[in-house]
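Read top to bottom, the protein sequences are chains A and B. The first sequence begins at 1 in the working numbering and counts up by one. The second sequence begins at 1001 in the working numbering and counts up by one. Below: the structure, in structure tokens.
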Amino acid sequence: MISFENVSKIFKPDAFGPPFEALTQTSFEIKPQKVTGFLGANGAGKSTSMKIMMDFIRPTKGKVIYHQQLGKNKNEIFENIGFLPERPFFYPNLTGEDFLFFMGSLVKVSKPDIKKSIEYWAQIFKIDYALKRKIATYSKGMLQRLGFMATLLHKPELIILDEPLSGLDPLGRKDLKEIINQVSNEGKTVFFSSHIVSDIEEVSQEVIFIKQGRVIFNDSLNELYEKNKLKTYEIHVGSESKIELSTPCQQEVFSHGHLKLFVEKEFKNKLIEELIQKNIEISSLSLKKVTLEEIFYRTEK
Amino acid sequence: MNSIKVVAWYTFKELFKSRILINTFFLGCALITICYIASEFTYGTPGRIAIDFGLGTLTLSSVGISLFLGVSLISKELETKTVYMVISRPVTRTQFLIGKIIGFLTILFLNLFILSTMALLTFKSYGGVISPLIIWNIFYTFLESCLVLLIVVLFTLNTNNTVSVISALVLYIVGHSIDPRTIMYFVEGRPGFEALIKFYHFVLPGFYKFNIKDFVIYKQELEIDYLISSLSYGLIYSLFVLFLIIFVFNKKDIA
């Protein structure tokens, strides 16, 4: 849907201060009809990339390519994008409903269609009870829901969300994740940033990992797991305490009467034989699964 | 065009709901009260006092609104990032700016309309006759406030709100103080000062051109040529500042 081609961005905070490079030769692609998580630590360049994508700031070098599916000119492209900024703050004297009508009118949706859309999404976002209230009275979570709802009113093809889950309570996070899954199932493309690895892992099919302004990887989660697959096996055995074994392995007592053994592939058979010889009960054997969090921390190091 | 209309309408709605016009109404009531009290101390000229107070209040209130509310018109959008929600839609930055300014000017116009109606009614109740020059004066107050608004918005795109208000206020005061009709005495015989004044007239806004209160209150007549040239000056200068704002805003990184 959108491609970054060697995009660099240099900021100069003031006339006398030194410039700093927020993005360095960044290239990645948002694939259509997928949920893509944009992962990176604070200050990695996620929001800067999104702002360049939305033309709020211009790249110092490189270019952003909007695929033809989105439209031919800027107007058409932006009609097909729904964007939610980080820490949304809206016009405090307008009611939630006013704000949604405002946003809907800007994308040339007719008033009856906006109304229908509001009725539909307000139930899903569980914010219908507050739409007649001034936005000044909304909590952070409600603002997040209202902002997310505004991005969906015009049925955009691409939904870009900057840290949509930050600062929400567990229930709010669960609700918004479900909505991301719902719009993805409807064939929409979702691109969202987060520094919380488990959020990305839970919702995304694709992941772009950015570190200090450089893209470290841009792959599907499955491929990422495949590339980082561990060659360590996890064996659960029945034992009260650690066992003396001649085969090299790591041991971890994880619950009363159970022991975890981690063994490299080449020693797996030898360890099993040794366990059988010592008459120790093997309850399970599996290839240790790598988590995105582990890959993330490994890359961060 | 539709986008400008939508932005203008919701800017108006947001400002209207902030109850700013209630303050205008109270200001109008205060004006009537002051005129009533002042009339007790004037001998034979209560109408003149009423129109003097009335036009003065109009200027204070309109320029005050332009300066102190106008300063946050765009800067608050940039600070709180509400602008992101609008310009991430098919709305150009120019459309957004023009819409915001039109929405604000509509509130300014309403404020002026309410206050001038109250001022003129008071003036009439003291036996005054509403002349076309009074209407010109009201129109000039609006024009002057537009220019103050545009100047303060231009400053906010480059610096913080406090500096913007101070700079715009200084320009406003100096712009009223360089009236060639009153300044000639100081300028004569000081070529450096004369050159400076000429430069100022050429580049910076001459707000004195919109001040015709003395003519309204005392002389009650003014050449139409002067009125039209001041009007043209105000419109051209406002357009010039508007283009500058659009240019700067379009070039600006909204980070």
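No residue lacks a Cβ here, since even glycine has one placed at the ideal position from N, Cα and C.
Taking a contact to require three or more Cβ pairs closer than 8 Å, the stretch 122-136 of chain A and the stretch 50-61 of chain A do not qualify as touching. Residues of chain A with a Cβ closer than 8 Å to the Cβ of residue 1162 of chain B do not exist, since the nearest Cβ in that chain sits about 17 Å away. Contact between residue 265 of chain A and residue 231 of chain A holds: CB atoms are separated by about 4 Å, below the 8 Å threshold. A Cβ-Cβ distance of about 6 Å is found for the pair residue 84 of chain A and residue 164 of chain A, placing them in contact under the 8 Å criterion. Per DSSP, residue 1201 of chain B lies in no beta strand (DSSP E) segment; the continuous alpha helix (DSSP H) that holds it begins and ends at 1191-1203. DSSP lists no bridge partner for residue 1226 of chain B. At a cut-off of 7 Å between C-beta atoms, residue 1255 of chain B counts as an interface residue with respect to chain A. Unbroken beta strand (DSSP E) stretches of 3 residues or longer found wholly inside the stretch 28-58 of chain A: 35-39, given in chain order. Of the other Cβ atoms in all chains shown, fewer than 16 fall within 10 Å of the Cβ of residue 1002 of chain B; this residue is therefore exposed. With a beta-carbon spacing of about 17 Å, residue 146 of chain A and residue 109 of chain A fall beyond the 8 Å limit used to define contacts. Distance from the CA of residue 1066 of chain B to the CA of residue 1032 of chain B, rounded to the nearest whole angstrom, comes to 23 Å. Rounded to the nearest whole angstrom, the CA to CA distance from residue 1122 of chain B to residue 1110 of chain B is 18 Å.
Listed in chain order, the non-local C-beta contacts of residue 92 of chain A below 7 Å within the same chain comprise 134, 135 and 136, local neighbours out to five positions each way being set aside. Residue contact check for residue 165 of chain A against chain B: no CB pair falls below 7 Å. Taking a Cβ-Cβ threshold of 8 Å, none of the residues of chain B is close to residue 190 of chain A; the smallest such distance is about 15 Å. Contact check between the stretch 1213-1220 of chain B and the stretch 1112-1122 of chain B: fewer than three CB pairs, one atom from each, fall below 8 Å, which does not count as touching. As computed with DSSP, residue 105 of chain A is found in no beta bridge at all.
Here the alpha carbons of residue 1253 of chain B and residue 42 of chain A stand approximately 21 Å from one another. Beta-bridge partners assigned by DSSP to residue 223 of chain A: none are found. Here DSSP, grouped into helix, strand and coil, assigns residue 258 of chain A to strand. Distance between residue 1155 of chain B and residue 1167 of chain B, taken at the CA atoms: about 8 Å. No Cβ of chain B is located within less than 7 Å of the beta carbon of residue 66 of chain A.
The beta carbon of residue 107 of chain A sits closer than 7 Å to some beta carbon of chain B. Residue burial is scored here from C-beta neighbours: residue 249 of chain A has at least 16 other C-beta atoms within 10 angstroms and is therefore classed as buried.
At least 7 Å separates the beta-carbon of residue 144 of chain A from that of residue 35 of chain A. In the DSSP assignment, residue 120 of chain A falls outside any beta strand (DSSP E) and lies within the alpha helix (DSSP H) extending over 111-124. Using a CB distance cut-off of 7 Å, residue 1082 of chain B counts as an interface residue toward chain A. Taking the beta carbon of residue 1238 of chain B as reference, no residue of chain A falls within 9 Å; the closest one sits roughly 26 Å away. One thing to note: residue 81 of chain A has its Cβ within 7 Å of the Cβ of residue 158 of chain A.
One finds 106 in chain A with Cβ atoms closer than 7 Å to the Cβ of residue 1086 of chain B, taken in chain order.
In the structure shown, residue 16 of chain A falls within a coil segment according to DSSP collapsed to helix, strand and coil.
The residue from B:1064, B:1208 and B:1201 with its alpha-carbon nearest to that of residue 1112 of chain B is B:1064.
When the five nearest sequence neighbours on each side are left out, the beta carbons in the same chain lying within less than 6 Å of the beta carbon of residue 1138 of chain B are those of 1116, in order along the chain.
Assignment of residue 185 of chain A by DSSP, reduced to helix, strand and coil, places it in the helix class. For residue 1015 of chain B, the uninterrupted alpha helix (DSSP H) segment begins and ends at 1002-1017. By the neighbour-count definition (other C-beta atoms within 10 Å, threshold 16), residue 1205 of chain B is a buried residue.
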